[in-house]
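The next block holds one structure in the form of structure tokens; read it before the comments.
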Amino acid sequence: MTDIIDKKMAKENVFIINHPLILDKLTRIRNKKTEKKDFQENLTEIVSLMAYEVFKDIPLDDITIETPIGKTKGKNLTKTIIICPILRAGLGMVSGLEHLLPNAIVSHIGLYRDESTLQPQEYFFKYPNVENHEENLVYILDPMLATGGSTLAAINKLKAVGVKNITFIGIVGVQAAINKIHKEHKDVKIYLAALDEKLNENGFIIPGLGDAGDRIFGTK
Ligand code: PRP
68 MTDIIDKKMA KENVFIINHP LILDKLTRIR NKKTEKKDFQ ENLTEIVSLM
118 AYEVFKDIPL DDITIETPIG KTKGKNLTKT IIICPILRAG LGMVSGLEHL
168 LPNAIVSHIG LYRDESTLQP QEYFFKYPNV ENHEENLVYI LDPMLATGGS
218 TLAAINKLKA VGVKNITFIG IVGVQAAINK IHKEHKDVKI YLAALDEKLN
268 ENGFIIPGLG DAGDRIFGTK
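For the sequence shown, my numbering begins at 68 and goes up steadily by one.
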């Protein structure tokens, strides 16, 4: 049986979630024949499966409740969780977490990658008016970590607000992008469903899954 997480990589704050159910669904979304509806459904399911690993150490508070039979001690999730999709493609990952974390706040970062320079261009940022930036748990969502520029820009933006606990959840990415992010932000945990080979000359991940934004929203 293979480990779900490579322990050596985990020490470097990189978590590639190697699970048969994720691999099966990932293959479906990589397949160019998979159409919009199936792409979105499988993407949602992958994110929900990844959540099992991503949230396994999340702190809980003690609580006393009453069952229909009597009192018992239990646990509840009181931490403020902020899900931060990078527009547009990150939006396709939100529902996979939202149904597990109904109280999570959704913050949006609008970034698109300039096609010629591959540099991220910011066009929107909406962060919630919450307290305790240092304690809140923030999860950036984007299916693709290509050059890493968009995620790096999102991390810088969130840290400028005062956020300390940042985790990135992606689907496919390359090692060079991970290195680029960790060179500046070693503290950010990076979760992916797969580590891919490289980028092509247009900055697309190989083998990747194409342009996730276009496949989610049917724009190409
Ligand atoms: C894609 C993708 C990431 C970014 C990854 O977005 O969804 O946000 O590129 O590339 P990077 O790691 O090199 O920055 P895109 O610019 O296509 O915008 P979209 O999601 O609106 O389609």
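Every residue gets a Cβ at the ideal spot worked out from N, C-alpha and C, and that includes glycine.
Note that the structure is a prediction, hence the values are computed from the model and not measured.
Pair within 8 Å by beta-carbon distance, residue i and residue j
{"i": "Asn232", "j": "Val205", "result": "yes"}
{"i": "Pro195", "j": "Val239", "result": "no"}
{"i": "Lys280", "j": "Asp263", "result": "According to the sequence shown, residue 280 is Gly rather than Lys. No; because the gap between Cβ atoms is not below 8 Å, this pair is not in contact."}
{"i": "Thr218", "j": "Ile236", "result": "no"}
{"i": "Lys193", "j": "Ser162", "result": "no"}
{"i": "Cys151", "j": "Leu225", "result": "yes"}
{"i": "Val121", "j": "Thr234", "result": "yes"}
{"i": "Val241", "j": "His200", "result": "no"}
{"i": "Ile272", "j": "Gly159", "result": "no"}
{"i": "Ala118", "j": "Leu167", "result": "yes"}
{"i": "Lys138", "j": "Thr145", "result": "no"}
{"i": "Gly285", "j": "Lys103", "result": "yes"}
Residue(s) in a DSSP beta bridge with residue i
{"i": "Asp129", "result": "Lys142"}
{"i": "Arg155", "result": "According to DSSP, which records beta bridges pairwise, Arg155 is partnered with nothing at all."}
{"i": "Asp263", "result": "Val241"}
{"i": "Ile283", "result": "According to DSSP, which records beta bridges pairwise, Ile283 is partnered with nothing at all."}
{"i": "Leu276", "result": "Answer by DSSP bridge pairing: none, since Leu276 is not bridged."}
{"i": "Met211", "result": "Val239"}
{"i": "Val205", "result": "Ile149 and Ile233"}
{"i": "Lys256", "result": "Thr234"}
{"i": "Ile172", "result": "Ile149"}
Nearest neighbour of residue i, chosen from the options [CA to CA]
{"i": "Asp70", "options": "Glu79, His86 and Glu198", "result": "His86"}
{"i": "Arg95", "options": "Ile172, Ala260, Ile149 and His175", "result": "Ala260"}
{"i": "His252", "options": "Gly215, Lys103, Ala156 and Lys138", "result": "Gly215"}
{"i": "Ala243", "options": "Leu178, Lys100, Asn267 and Thr286", "result": "Asn267"}
{"i": "Asp278", "options": "Lys92, Asn98 and Ile84", "result": "Asn98"}
{"i": "Asp128", "options": "Asn143, Tyr119 and Ala118", "result": "Asn143"}
{"i": "Ala77", "options": "Val255, Gly285, Gly270 and Lys265", "result": "Val255"}
{"i": "Ser165", "options": "Glu182, Ile136, Phe191 and Glu112", "result": "Reading off the sequence, residue 165 comes out as Glu, not Ser. When each option's Cα is compared against that of Glu165, the closest is Glu112."}
{"i": "Phe191", "options": "Arg155, Asp124, Lys75 and Thr101", "result": "Arg155"}
{"i": "Asn269", "options": "Lys123, Glu182 and Pro135", "result": "Glu182"}
Same chain, Cβ closer than 6 Å to residue i, neighbours up to 5 away in sequence not counted
{"i": "Phe82", "result": "Ile72 and Tyr258"}
{"i": "Asp105", "result": "none"}
{"i": "Asn109", "result": "Lys92, Arg95 and Ile96"}
First and last residue of the uninterrupted alpha helix (DSSP H) at residue i
{"i": "Gly177", "result": "First-last for Gly177: His175 to Arg180, but that is the beta strand (DSSP E), not the alpha helix (DSSP H)."}
{"i": "Pro87", "result": "Pro87 to Arg97"}
{"i": "Asn223", "result": "Gly216 to Val228"}
{"i": "Leu116", "result": "Lys103 to Val121"}
{"i": "Lys74", "result": "Lys74 to Lys78"}
{"i": "Gly163", "result": "Val161 to Glu165"}
Cβ neighbours of residue i in the same chain (closer than 8 Å, five flanking residues each side left out)
{"i": "Val79", "result": "Val is not the amino acid found at residue 79; the sequence shown has Glu there. Here the set comprises His249."}
{"i": "Val197", "result": "Thr147, Ile149, Ile172 and Asn203"}
{"i": "Leu116", "result": "Ile84, His86, Leu88, Ile89 and Lys92"}
{"i": "Glu189", "result": "Ile176, Gly177, Leu178, Ala220 and Lys224"}
Residue i: first and last residue of the uninterrupted beta strand (DSSP E) it sits in
{"i": "Lys193", "result": "Pro187 to Lys193"}
{"i": "Ile83", "result": "Val81 to Ile83"}
Cβ shell of residue i (< 7 Å), same chain only, five flanking positions each side left out
{"i": "Pro187", "result": "Leu178, Arg180, Gly216, Ser217 and Ala220"}
| message | Beta-carbon distances below 7 Å to any heavy atom of the ligand GDP define the shell here; list its residues in chain order, please. | response | In terms of ligand content, the structure shown lacks the ligand GDP and carries the ligand PRP instead.
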